[in-house]
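One structure below.
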Amino acid sequence: MKLWTGRFQKELSKTTNDFNSSIPFDKRMYREDITGSIAHATMLGECGIIEKSESELICKELSAILSDIESGSLPIDMEAEDIHSFVEAELTKRLGDTGKRVHTARSRNDQVALDIRMYLKNEAAGIQKLLCDLISVICDKALENSETVMPGYTHLQRAQPITFGHHLLAYGEMLKRDLSRLDDCIERMDEMPLGSGALAGTTYPINRELTAKLLGFSRVTNNSLDGVSDRDFCLEIASVLSIIMVHLSRFSEEIIMWCSWEFKFIELDDAFSTGSSIMPQKKNPDIAELVRGKSGRVFGDLMTLLTVMKGIPLAYNKDMQEDKEAVFDAVDTVKMCLTAFTPMIETMKVLKNNMRNAAARGFINATDCADYLTKKGMPFRDAYKITGQLVATCIDKNTTLEELSITDYQAVCNVFDNDIYDAISLDRCVNERKVLGSPCSENVRFQANRLKETIEKGFV
Ligand code: ARG
46 MKLWTGRFQK ELSKTTNDFN SSIPFDKRMY REDITGSIAH ATMLGECGII EKSESELICK
106 ELSAILSDIE SGSLPIDMEA EDIHSFVEAE LTKRLGDTGK RVHTARSRND QVALDIRMYL
166 KNEAAGIQKL LCDLISVICD KALENSETVM PGYTHLQRAQ PITFGHHLLA YGEMLKRDLS
226 RLDDCIERMD EMPLGSGALA GTTYPINREL TAKLLGFSRV TNNSLDGVSD RDFCLEIASV
286 LSIIMVHLSR FSEEIIMWCS WEFKFIELDD AFSTGSSIMP QKKNPDIAEL VRGKSGRVFG
346 DLMTLLTVMK GIPLAYNKDM QEDKEAVFDA VDTVKMCLTA FTPMIETMKV LKNNMRNAAA
406 RGFINATDCA DYLTKKGMPF RDAYKITGQL VATCIDKNTT LEELSITDYQ AVCNVFDNDI
466 YDAISLDRCV NERKVLGSPC SENVRFQANR LKETIEKGFV
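Each residue of the sequence shown is one higher than the one before, starting from 46 at the first, in the numbering used here.
Following this line, the structure appears as structure tokens:
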């Protein structure tokens with residue numbers, strides 16, 4: 046039975062009913078819907094809009110419905126139009142006329158606007174927790190690898206030596222910004238829309254602040270049209286989730302490369318890799334590939350939401366029912382990805398020697414060789430040119446700057462002395478990079494500890 050049958054003489058056809066219904070996907074908001082209704086009914090009783098005794102009865106029965114759903118003794122009726130109709134129908138079934146009073150001074154339009162805000166506020170905080178777990182694993186790995194030298198890249202060409210810890214902490218910084226983006230989302234979502242009614246508020250003398258307080262919102266929405274038709278918070282969280290997926294996807298791409306025979310910088314734990322049905326030698330980084338692939342879903346969800354919202358006039362339109370599947374999918378996908386990704390990073394084996402060997406080839410200390418000459422008084426451009434000639438000599442002789450003889454150095458420029466070998470040693474090249482934010486071991490330890498403290502302070 047629909048909530049709105051009074052004006053209608055026919056039932057909806059089965060196909061139209063299924064098309065119109067949102068219960069298959071909004072049933073997950075049952076807790077928010079019931080908690081919201083309890084707060085609303087309490088407020089109605091406090092304001093004398095319904096009898097106190099009726100308000101108490103409604104609240105008690107709503108709590109019973111909640112625990113019955115949670116225990117599994119009350120299955121959610123998939124024939125209902127949506128979760129709001131289902132809860133109200135169940136209440137009315139149990140309380141008769143008293144149950145019917147719960148919807149006084151309320152519309153499903155402000156009710157659904159409330160439920161999604163409550164649901165997403167909670168999910169955003171849960172995702173922050175998952176992000177903190179990943180950041181903490183990254184920090185620990187960075188601390189274990191504060192002295193692990195590897196090549197840093199630009200254009201995927203070996204560029205300058207860095208430490209693996211420093212590389213990992215770059216992701217830590219990205220994810221830290223994601224945490225604060227979620228904070229911003231939560232802050233802007235923190236407005237209670239009940240009282241907006243269908244679109245134009247209500248004539249009942251309700252107390253919106255009381256409802257907001259009962260539900261833990263810090264303020265109420267200021268405009269009834271906006272209160273029911275604002276879905277900026279869905280767009281915003283989907284944008285933040287998309288950015289998180291960009292970060293996870295870039296990280297995944299590197300994991301995939303690092304696992305390849307071409308790099309062999311890391312080895313993933315068996316529990317996070319899969320084999321091939323035909324090639325016995327294969328160990329594939331499927332988890333990282335799936336995370337990289339799933340980023341597409343989340344970007345798609347954001348695009349769905351933007352497109353749904355872009356042309357609809359004020360206030361509520363049924364188009365807005367399409368917000369839920371997209372935003373829920375984005376939330377679920379990010380949660381799944383983080384849950385799979387963190388232990389994969391935690392258990393990966395770092396092949397430090399391979400990283401160092403890769404850093405020793407590829408002339409990544411060429412900048413330091415040029416700096417050696419400038420420190421002896423030569424202008425940088427000249428030093429750059431001389432170093433270029435030395436690299437060409439090395440390529441010719443199939444050797445490295447570390448192995449080139451002092452005679453070969455001096456043949457190109459007589460400023461070189463035996464101290465060149467110390468100046469271009471990999472450890473020195475890394476550890477001389479001491480400026481704040483640089484890859485030296487000391488900085489890595491400092492930044493990893495600082496990042497750990499930040500998340501422990503803000504998000505425990
Ligand atoms: N199921 C609807 C939604 O998700 C709830 C609001 C319905 N309001 C209405 N006037 N049809 O958007």
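Where a beta carbon is used, it is the ideal one built from N, C-alpha and C, also for glycine. Quantities reported herein were computed from a predicted structural model and do not represent experimental measurements.
Supposed close pair residue i, residue j - CB separation, criterion 8 Å
i: Arg276; j: Asp368; result: 5 Å
i: Leu175; j: Leu350; result: About 22 Å separates the two Cβ atoms, so there is no contact after all.
i: Lys394; j: Glu312; result: 4 Å
i: Ser294; j: Arg337; result: 5 Å
i: Arg162; j: Pro238; result: 7 Å
i: Ala333; j: Met389; result: 7 Å
i: Asp364; j: Val353; result: 6 Å
i: Lys166; j: Met123; result: Lys166 to Met123, Cβ: 27 Å. No contact.
i: Cys177; j: Gly217; result: In fact, because the Cβ distance is near 11 Å, the residues do not count as touching under 8 Å.
i: Glu447; j: Ile431; result: Not a contact, Cβ separation roughly 17 Å.
i: Ile231; j: Ala170; result: 7 Å
i: Lys442; j: Thr378; result: Wrong, their Cβ atoms sit about 53 Å apart, outside the cutoff.
Of the listed residues the options, nearest to residue i (C-alpha basis)
i: Glu99; options: Leu136, Glu124 and Ile114; result: Leu136
i: Leu214; options: Leu446, Glu501, Val489 and Ile500; result: Val489
i: Ile406; options: Ala243, Tyr198 and Leu418; result: Strictly speaking, residue 406 in this sequence is Arg, with Ile absent from that position. The candidate whose alpha carbon is nearest that of Arg406 is Tyr198.
i: Pro206; options: Tyr216, Val194 and Arg495; result: Val194
i: Glu168; options: Leu224, Gly141 and Ile79; result: Leu224
i: His292; options: Thr445, Phe386 and Phe278; result: Phe386
i: Asp461; options: Ile500, Pro484 and Tyr417; result: A quick correction: the sequence has Phe, not Asp, at residue 461. Answer by Cα proximity: Tyr417.
i: Gln173; options: Glu192, Asp228, Leu201 and Gln455; result: Asp228
i: Gly246; options: Asn268, Leu260, Thr256 and Thr412; result: Asn268
i: Ala404; options: Glu370, Leu471 and Arg426; result: Leu471
i: Leu335; options: Ile300, Gln326, Ala371 and Phe310; result: Ile300
i: Ala86; options: Met381, Leu259 and Ala371; result: Leu259
Own chain partners of residue i with C-beta closer than 7 Å, once the 5 adjacent residues on each side are dropped
i: Thr319; result: Asn329 and Asp331
i: Asp453; result: Thr438
i: Arg153; result: His129
i: Asp160; result: Met74, Glu77, Asp78 and Gly81
Euclidean distance between Cα positions of residue i and residue j
i: Ala493; j: Ala187; result: 7 Å
i: Cys474; j: Asp467; result: 9 Å
i: Asn402; j: Lys72; result: 56 Å
i: Asn398; j: Glu498; result: 31 Å
i: Leu111; j: Ile83; result: 11 Å
i: Ile289; j: Gln434; result: 44 Å
i: Val285; j: Ile180; result: 17 Å
i: Arg478; j: Pro196; result: 14 Å
i: Thr554; j: Ile251; result: The shown model of the chain, from 46 to 505, leaves out residue 554, and the question about it has no answer.
i: Lys97; j: Thr50; result: 29 Å
i: Ile409; j: Tyr429; result: 13 Å
i: Phe70; j: Pro120; result: 15 Å
i: Lys421; j: Ser450; result: 20 Å
i: Leu496; j: Ala204; result: 27 Å
i: Phe262; j: Glu236; result: 6 Å
i: Asn65; j: Met302; result: 47 Å
i: Glu115; j: Ile357; result: 36 Å
i: Phe344; j: Phe317; result: 25 Å
i: Val541; j: Glu254; result: Residue 541 lies beyond the stretch modelled for the chain, which goes from 46 to 505, so this question has no answer here.
Same chain, Cβ closer than 6 Å to residue i, five either side skipped, listed in chain order
i: Ala360; result: Leu244, Leu270, Val273 and Ser274
i: Tyr249; result: Ile94 and Ala150
contact_flag[the stretch 88 to 95, the stretch 125 to 139] where n(CB pairs < 8 Å) is 3 or more: no
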